[in-house]
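In order, the protein sequence lines correspond to chains A and B. Position 473, counted from 1, in the first sequence is what our numbering calls 473; the numbers after and before it change by one each time, with no gaps. To convert, count from 1 in the second sequence and add 767; that's our numbering. C-beta: ideal position from N, C-alpha, C; glycine also.
Number of protein chains: 2
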Amino acid sequence: MSSRVAKWWIQGLAVVAFGMGFALIGGTAQAETLQQVMKSRGLTQQNLLAAAKTYVPTGKRDEFLAFSSGGQSGHVIVYGIPSMRILKYIAVFTPEPWQGYGFEDESKAVLNQGRINGRDITWGDTHHPAPSETNGDYDGQFLFINDKANPRIAVIDLKDFETKQIVVNPVFQSEHGGAFVSENTEWLLEPAQYAAPLGGEYAPLERFNEQYRGGVTYWKFNREKGRIEPENSFAIELPPYSQDLSDFGKGVSTGFSFVNSFCSERYVGGIERDRPPFEAGCSAKDTDYLHVINWKKAAEVAAAGKVTKINDFPVIMMDTAVEEGLVHLIPEPKSPHGIDVSPDGEYLVVSGKLDTHTSVFKWSKVKALIDAKDYAGTDPYGIPILDMKKALHTQVQLGLGPLHTQFDVEKGIAYTSLYVDSMVARWDYIEGKLLSRIPIHYNIGHLMTMHGDTVKPRGKYLVSLNKLAIDRFNPVGPLHPQNHQLVDISTGDMQLLADMPLPLGEPHYAVAIEAGILKPKIRYKSGTNTRTGEISPHKTRAGEERIVKKGKDVEVWGTLIRSHITPEIIEVDEGDSVTVHLTNLERAEDETHGFTIGKYNVHGSFEPGETASVSFVADTPGVYPYYCTEFCSALHLEMQGYLLVKPKGYKAKVGDLMPKEEYGKADYDKQTATNVATQATIDEVVGFITSHNYQDFPEVVALVEDATDQLGRATEAKARAEEEAAKEAWNSATLWAGQWWQYQVKAADIGLRAKTFLEQNGAKKVK
Amino acid sequence: MSSRVAKWWIQGLAVVAFGMGFALIGGTAQAETLQQVMKSRGLTQQNLLAAAKTYVPTGKRDEFLAFSSGGQSGHVIVYGIPSMRILKYIAVFTPEPWQGYGFEDESKAVLNQGRINGRDITWGDTHHPAPSETNGDYDGQFLFINDKANPRIAVIDLKDFETKQIVVNPVFQSEHGGAFVSENTEWLLEPAQYAAPLGGEYAPLERFNEQYRGGVTYWKFNREKGRIEPENSFAIELPPYSQDLSDFGKGVSTGFSFVNSFCSERYVGGIERDRPPFEAGCSAKDTDYLHVINWKKAAEVAAAGKVTKINDFPVIMMDTAVEEGLVHLIPEPKSPHGIDVSPDGEYLVVSGKLDTHTSVFKWSKVKALIDAKDYAGTDPYGIPILDMKKALHTQVQLGLGPLHTQFDVEKGIAYTSLYVDSMVARWDYIEGKLLSRIPIHYNIGHLMTMHGDTVKPRGKYLVSLNKLAIDRFNPVGPLHPQNHQLVDISTGDMQLLADMPLPLGEPHYAVAIEAGILKPKIRYKSGTNTRTGEISPHKTRAGEERIVKKGKDVEVWGTLIRSHITPEIIEVDEGDSVTVHLTNLERAEDETHGFTIGKYNVHGSFEPGETASVSFVADTPGVYPYYCTEFCSALHLEMQGYLLVKPKGYKAKVGDLMPKEEYGKADYDKQTATNVATQATIDEVVGFITSHNYQDFPEVVALVEDATDQLGRATEAKARAEEEAAKEAWNSATLWAGQWWQYQVKAADIGLRAKTFLEQNGAKKVK
């Protein structure tokens, strides 16, 4: 570093350290009035009010976090309410390189749990997210999400927003309405969708009524381990009625669950055979069946072993279910989508998409009919059917294509989506009265209110999950984004606040959790395999990095820290199997490092504290740069290394990596002079921080910790430089002095961030 | 349908058709004042102004579309400015199932162009998007994006926002600063990054100075075909200086391009060998080199055949480059990132990340030195070096860690990101004067202004692409979103407007195009292979669907339309190779259909008019439901079918699909009565539309076209039902009458949307 550059650097630090003078220079800003802005942007008063209700200033937080399925993208989407800003796409069923998901060995192991018939499934059709519950309300611990196409359930831990487990349904060929959770997350409910022979058997369509079946699976969840226990789970065989969305009872209906169906006609299409299509035959009758299932008793029946094993999984067959009184049917308006249980558990709301009414069943009536064995008949499989009229509380004409209902904080108030009308209805399900409707854009599927399917809805906001956007946004080609619309329900009516495009995937269902309930961590205990939660056997500490070659197997234990990868050179032979285990040594918030080796399809993402591994066969000789893929510091681009794959038969020569000495005593003296001056400036920044009440700001305490860490490393590099200088090894001494300066720059970066934070957040001088 | 349900349906339609009465029922809304909202949400006047400047009401458009790299997610991210809402993630290097990318055979063919050394590369590290230009300004036709990890360039067509081509760099082992385009998009510039032997050869690190090389590739772009032509492209060999970000000259500097570098020390680290790491050795000297390349002349030299073929690709070797005067070097402050050419082409702005200054070179001075062969010396490879001071216009002390510069609409005004300071500087690069600075959160990498690197910057907005978010958003685990901050630059100063989380990937660089310049299409010509733009040989019209089996190869030609897949049943034998070609028959905007077969890892996305194919081997016998994965109509769930994979040796029996007749004359009469009543209501909606000036609304004209289409299909189904009824085939007649009604429901859905649109957009009665 020339003394001129050094001087600039120090002056630069000083300017920031001693004043915000720069920020005040030469502003020629003209004061703009709100009226001018509204006029130039064509905003109405109503628009401005909506803007005020949704705008979240820098550094402020959203009130709720929404978790939405990503549909055929295979992800879960997390966004804030009311800002409608998307915070994360959580990779679940589809490999995703930014998160290293499906690229690191550890996350590959999770995806591999989801293989079916020996085949990798590299996507999923996520539909219905469900948060874990305690006493019927969300507790912010876990999120469950299903894959409709390949019947699977995944477990996401909300401590780090990562997918931890995938279970494959061993009995069904497809599903849809899952997962739903019981009030204390003992069980997850996964109903089948399109009927098929259980367990994957073949049977011709001619045998549809006799051999095709639906069903429900109850997965046992172990909250302590945070994992589903397939060995303690069971299924119930059901008729081939295309089981669909479901819900667990709560409050007075605890112990029961409710499962919709469509195409209880058991129709099989075949347009190409000149038969009317499925859509005609599956909507020919007026009613389908609501399944009422006594899951508490079913669990006892399963535990008693009254099951048939299908693919080694216990299934309560229909005869047993009938005999034990586990399942009852109630006719419901045809082709329904949602079945939604009121917060107190007393009302069961069902909307038939091809009816203009929403039907409200009353649990106490249903229960009385069941207890009295007051049946209207049985279906072809001997399952008792309750009389629809006797079970009904009321039916309310809401509009065309009613679909899904969520509940308000105000007792009796519910919101129902109207697909064909492109509207949301606000209504009273106890009084049986429509209150108001609001148009949405366009064709709403599901909707959600805050904690709207729990025992304690929070009101405030409603989100309309529209299936079509059409003309709402700037056009981006034939494939449109989806449109979630935010509606204010805090004032006793509905006001449209904002449109939100969904840029990837097609959400079907979403849930929103109060932000304060979520307590995610910002770092891992050093050396954590984040997918198992355990300390990895490959955890590597600084100084323990090593490369071990055994035959054709090369194993590397390395580390990542601003801004170098250790080791920086890996030499292997053509054909070697290489595994690189890396530990991110950082503790600072948001200091993720990535790792890739060019052309070998290798990538990993390493959060602070994480240990993960990448594996590949070095089958092509050559020189392959590797580098950090996450911009981590001013010297990020220099966070690089080389994989050398020696061709078969290549004879290595011994020699220095760098042939000549580049730097002498003068260079060393210049660098150390810079460092000493830089240190003085850093000390002044430190002085500013410590002279203020920084300990009242946890964010700053964390930054100070990180800066102290960097300065400790600077001290080590300084010692090393001085040691080399004492030996008059000037080249090496100069380079180590440079490294010492690199750590100082990082400490300065962090220190300046801390100082700015204190200035912007009203810190007070304490001495 | 019972007469009760039919009545509800008709009443429902009627209510919507004849009045908005419902929407006005029972509103208990309390008027909320803006002041109340501001108080309860803790908003300042400044916040409210920012909200007013960024809020985009429903149905209104953003002014600019930003195209951002997705970093290691492998995508390109499209978002609107000023709303900062993300509109699309375009899949480029990473398979993405929502778009069918890497799942359909047609898009697999694009990804397969990117295979390297026989290996699938299932991700990419996208860095620098570049829009196509005409006369130095964005023309909205194409977007180019690079992959740093696996040196590749992709071409995205902005007519449909799809990736059309991937080319692999045949000479380099990594790159970074690409693509950049020449003023009329004749050439794309892709510079190498980490030095390595050219063409993928092996050489030990001991031979770094002698055998490791950098370089630049100039890819020829054929605008008419919309494809890169590798056969007309070439590269130039350069010293192993880690070439980096680049820019084409414009205006006075047309014909030249400029390429930064770092680690011109040619240092090789090796912490594990007790050598200081790369980051120390690569920042040891005060200056690196700006490469000044005469590309017009280089293209002539390449065309003249003065090249060496490496992997069959023409490379101008360094000796030739020196001999022909193609390359000159200028020292530049060390470890620079951006090199940015002013709108008039006269000023070359370079920021050294480890310097506090930004350096402005003057093109007329540089050109004069080159023309006069006024050299300060040559580098070890014989390349002439210009004197830095003689080439400089000015140096301005902006702050710590200057990185990237973009230009304002006002002449002489530029904005430069300051990484270490976490600030943006507004300054005058002609006068050499810092004007003001604004803090950002945190650690900005690149920044962008509107058309800020073209000959015609638009001003208005600046976006700060921050590398760390830390505490800005609700926490979502150790892996944080990135943070793009929107800054208002319209008033002569900088005002922070909004924070935007990036939920997937790590953007590096972004560009923003005036929304009006983009003219994407909303549908394809029927039967289009969207990846080639040609009509697919597998285009299938309604009625032409067929299944052809030849030996073990089964080929299916099918269609998709609301709401059925034709064929609905596909029967194959265990072990058959199956290809399903599907054509989406829709013409309506946003009517995408998906297609999946459970458990076979098969998925496709079919936009209106698209033909695409999925292939698999039916190696596991059983019954596999298939269905549409994109919610497309009220009967979407019924858009299903069955793949039957017969086990080896299975003997099929002949029989009817449905064993018994379900429906009689009474059912038929009930259904047709419903249909007739429904038609009357539809006619009234149609009456509303046609009695208004709907033809003044292109959106409504499109809807009317679609509704007419659906009604045409209803008429066909009606004829079929009546034909069956005439034969007294009541079961079939009833089902076809049901299908007739299904089409009516779709027509009603569309008609209601059109009617609502007219009401909300002030249509006038015309008769």
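Residue i in three-state terms, based on DSSP
{"i": "T530(A)", "result": "coil"}
{"i": "R1487(B)", "result": "helix"}
{"i": "A1051(B)", "result": "coil"}
{"i": "W740(A)", "result": "helix"}
{"i": "R267(A)", "result": "Residue 267(A) is actually Tyr in this sequence, not Arg. Y267(A): coil per DSSP, three-state reduction."}
{"i": "V1467(B)", "result": "helix"}
{"i": "I228(A)", "result": "strand"}
{"i": "F1455(B)", "result": "helix"}
{"i": "S729(A)", "result": "Sequence check: residue 729(A) is Ala here, not Ser. Note: A729(A) maps to coil in three-state DSSP."}
{"i": "V168(A)", "result": "strand"}
{"i": "I1284(B)", "result": "helix"}
{"i": "A666(A)", "result": "helix"}
{"i": "Q1407(B)", "result": "strand"}
{"i": "K926(B)", "result": "coil"}
{"i": "K1415(B)", "result": "coil"}
Status (buried if at least 16 other CB within 10 Å, exposed otherwise) for residue i
{"i": "N146(A)", "result": "buried"}
{"i": "S1537(B)", "result": "Any answer about residue 1537(B) is impossible in this case: the structure gives chain B only from 768 up to 1534."}
{"i": "D1138(B)", "result": "exposed"}
{"i": "K1415(B)", "result": "exposed"}
{"i": "K651(A)", "result": "exposed"}
{"i": "Q46(A)", "result": "exposed"}
{"i": "A754(A)", "result": "buried"}
{"i": "D160(A)", "result": "buried"}
{"i": "K820(B)", "result": "buried"}
{"i": "D696(A)", "result": "exposed"}
{"i": "A725(A)", "result": "buried"}
{"i": "V1535(B)", "result": "Examination of residue 1535(B) is not possible in this model, given that chain B is present from 768 through 1534 alone."}
{"i": "K855(B)", "result": "buried"}
{"i": "V548(A)", "result": "exposed"}
{"i": "Q1527(B)", "result": "exposed"}
{"i": "E332(A)", "result": "buried"}
DSSP bridge partner residues for residue i (one or two, in chain order)
{"i": "P333(A)", "result": "T287(A)"}
{"i": "F834(B)", "result": "V845(B) and V1278(B)"}
{"i": "P402(A)", "result": "L418(A)"}
{"i": "Y221(A)", "result": "In the sequence as displayed, the identity of residue 221(A) is Phe instead of Tyr. DSSP output for F221(A) lists I228(A) as bridge partner(s)."}
{"i": "K1292(B)", "result": "The partner list for K1292(B) (beta bridge, DSSP) is empty, contrary to what the question assumes."}
Cβ-Cβ separation, residue j to residue i (assumed contact under 8 angstroms), whole Å
{"i": "E1377(B)", "j": "S1330(B)", "result": "Not confirmed; about 18 angstroms, so no contact."}
{"i": "M84(A)", "j": "L486(A)", "result": "6 angstroms"}
Proximity test, residue i beta-carbon vs the ligand SAH heavy atom, cut-off 7 angstroms
{"i": "K525(A)", "result": "Summarising the ligand content, the structure contains no ligands, and the ligand SAH is consequently not present."}
| said: Does the contact criterion of 3 or more C-beta pairs under 8 angstroms hold for the stretch 866–882 of chain B versus the stretch 98–111 of chain A? | reply: no
| task | Give a yes or no on contact between the stretch 619–631 of chain A and the stretch 588–598 of chain A, applying the rule of three or more CB pairs nearer than 8 angstroms. | result | yes
| said: Three Cβ pairs or more, each shorter than 8 angstroms: is that satisfied between the stretch 890–906 of chain B and the stretch 1216–1224 of chain B? | reply: yes
| request: Would you check if the stretch 244–262 of chain A and the stretch 1468–1475 of chain B touch, i.e. whether three or more CB-CB distances between them fall below 8 angstroms? | output: no
| task | Mind the definition here: the stretch 385–392 of chain A touches the stretch 415–431 of chain A only if three or more C-beta pairs lie below 8 angstroms; say whether that holds. | result | no
| field | Cβ contact check for the stretch 343–360 of chain A and the stretch 392–402 of chain A: 3 or more pairs under 8 angstroms | value | yes
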